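One structure is given here, and the rest of the page talks about it.
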Amino acid sequence: MNTHYTSEEIEKYRQAGKILAEVREQTAKRITVGASILETAVFSENLIRDLGGQPAFPCNLSLNEDAAHYTPGADDTAVFGEDMVKLDIGVHVDGYIADSALTVDLSDHPELVDASKAALESAIGAIHAGIDTREIGAAIEEAIGEFGYRPISNLTGHGLAQYLAHVPPSIPNIHTRTGTVLYEGQVVAIEPFATEGEGKVRDATRWEIYHITTENPQLPRIPRARALLKAMMEYKTLPFARRWFSGEKIDLTFRQLTKAGLIKPYPVLREVTGALVSQAEHTVIVTENGCEVTTV
Ligand code: MN
Ligand code: MN
């Protein structure tokens, strides 16, 4: 199905992208050895609101072998060490989303960072209406291979739609056998990950990010669970952080809603061999002859 956005909608995608670019640069500067991870995430999310947007998902600050989906908890006292930090930010304006990430490397592995950056540039250079997503995956795999690293094969870029952070098509990070043809006006996020490991992630046993599983849930009878779920429904189906909510017996209530299938966690995604991972991501609007990057 082709989505045809109005010029007002396109303008909101651009606005979200502009806010994101500013927040990404200001947040990246704060990622230094000894800085609080929690304060960095909260700074980023607050700056989005100050600039007129809303977080489309919690500020992700995934370290080292964690590729994605880590955000600090409410009582997190950890600070950055000599880590490879993936800063992944989402901003929306009226539901129109910008999604972008970069790697701040405090671990002294500049080539690994360059590999995902070069792959993103290569993919952006290749994209245009009519391209098959297989060609994008091949360009990413080749660019990362030139640095002697592997892309993460089971993480992909994705389409974006109003209040939906992950919709088809998926944009592979490797050469795939089947693909989808992109069309003019489509909004997609491209996000190569590079690693010195095997190039796969699996779920870790920790999570701080959740989403509601249906927009029209049967509300629980327990008043505390009912109130919490209603508060979560403000985010529609967009991801939210556990630390965004507080109150009596909050952990218990989160467990009850999870057990009832009303919310679902996004576990941290960890490289299977425990190797370092870098990431680069931009959101683009596909045009006839190329694309417009919204997140610069
Ligand atoms: Mn992202
Ligand atoms: Mn993304």
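Residue numbers (numbering that gives the first Met the number 0): 0 to 295. Glycine included, C-beta positions come from ideal geometry on N, C-alpha and C. Bear in mind the structure is a predicted one, so any value in this text is a computation, not a measurement.
Limits of the unbroken alpha helix (DSSP H) element including residue i
i, result
"THR26", "6-29"
"LYS248", "Unbroken run through LYS248: none, as it is neither H nor E."
"GLY273", "No alpha helix (DSSP H) holds GLY273; DSSP gives it neither H nor E."
"LEU46", "36-49"
From the options, residue whose alpha carbon lies closest to that of residue i
i, options, result
"TYR182", "GLY289, PRO57, ALA73", "GLY289"
"GLN185", "ASP82, ASP202, HIS127, ASN172", "HIS127"
"ASP93", "GLY52, GLU21, THR70, SER61", "GLY52"
"TYR12", "ILE30, TYR95, PRO71", "TYR95"
"GLU134", "ALA164, ASP113, ILE170", "ILE170"
"GLY136", "GLY273, THR179, ASP82, LEU50", "THR179"
"ILE143", "ILE130, LEU159, ILE123, ALA117", "ALA117"
"ILE211", "TYR234, PHE244, ARG225, LEU86", "TYR234"
"ARG205", "VAL32, ASN45, HIS68", "HIS68"
"LEU218", "GLN14, ILE262, HIS3", "ILE262"
"THR102", "LYS199, GLU7, GLU81, SER121", "GLU81"
"GLU21", "TYR4, GLU44, MET232, GLU10", "GLU44"
"ALA73", "PHE244, GLU214, ILE284, ILE123", "PHE244"
"THR294", "THR39, ARG201, VAL187", "VAL187"
"ARG220", "ILE208, VAL200, ALA259", "ALA259"
"THR175", "GLU287, GLU195, GLU197, GLU141", "GLU141"
"TYR148", "SER121, LEU163, ASP113", "ASP113"
"PRO216", "GLU207, ARG201, MET232, ILE9", "MET232"
"PHE146", "GLU110, ASN172, VAL78", "GLU110"
"ARG266", "GLU247, SER115, TYR209", "Note that residue 266 is Pro in the sequence shown here, rather than Arg. Checking every option, the nearest Cα to that of PRO266 belongs to TYR209."
"GLU38", "ALA164, HIS165, VAL78, VAL166", "VAL78"
"THR272", "LEU46, ARG201, ASP104", "ARG201"
Reduced DSSP secondary structure (H/G/I, E/B, other) of residue i
i, result
"GLY72", "coil"
"MET0", "Residue confidence is low: MET0 scores 44 on pLDDT, short of 50, so the model does not pin down where it sits. No coordinate-derived value is stated."
"GLU190", "coil"
"ILE170", "strand"
"TYR234", "helix"
"GLY156", "strand"
"ILE151", "coil"
"LEU256", "helix"
Span of the beta strand (DSSP E) around residue i
i, result
"SER277", "276-278"
"PRO222", "Unbroken run through PRO222 is the alpha helix (DSSP H), 222-231; no beta strand (DSSP E)."
"ALA128", "It is not in any beta strand (DSSP E) - ALA128 carries neither H nor E in the DSSP assignment."
"GLU291", "290-292"
"ASN59", "53-62"
"THR282", "281-285"
"VAL267", "Careful: VAL267 lies outside any beta strand (DSSP E) and carries neither H nor E."
"ARG201", "200-202"
"TYR209", "208-211"
Residue i: CB within 7 Å of a non-hydrogen atom of ligand 3
i, result
"ALA100", "Inclusion of ligand 3 in the displayed structure is not the case, the ligand content consisting of ligand 1 and ligand 2 alone."
Sequence ranges, alpha helix (DSSP H) only - wholly within the region 78-126, length at least 4: List check, alpha helix (DSSP H) in window: 109-125.
Segment contact, 8 Å Cβ cut-off, at least three pairs: the region 149-156 with the region 175-195: yes
At least three beta-carbon pairs within less than 8 Å, the region 227-238 to the region 47-66: yes
Three-pair Cβ contact test at 8 Å for the region 273-289 versus the region 251-258: no
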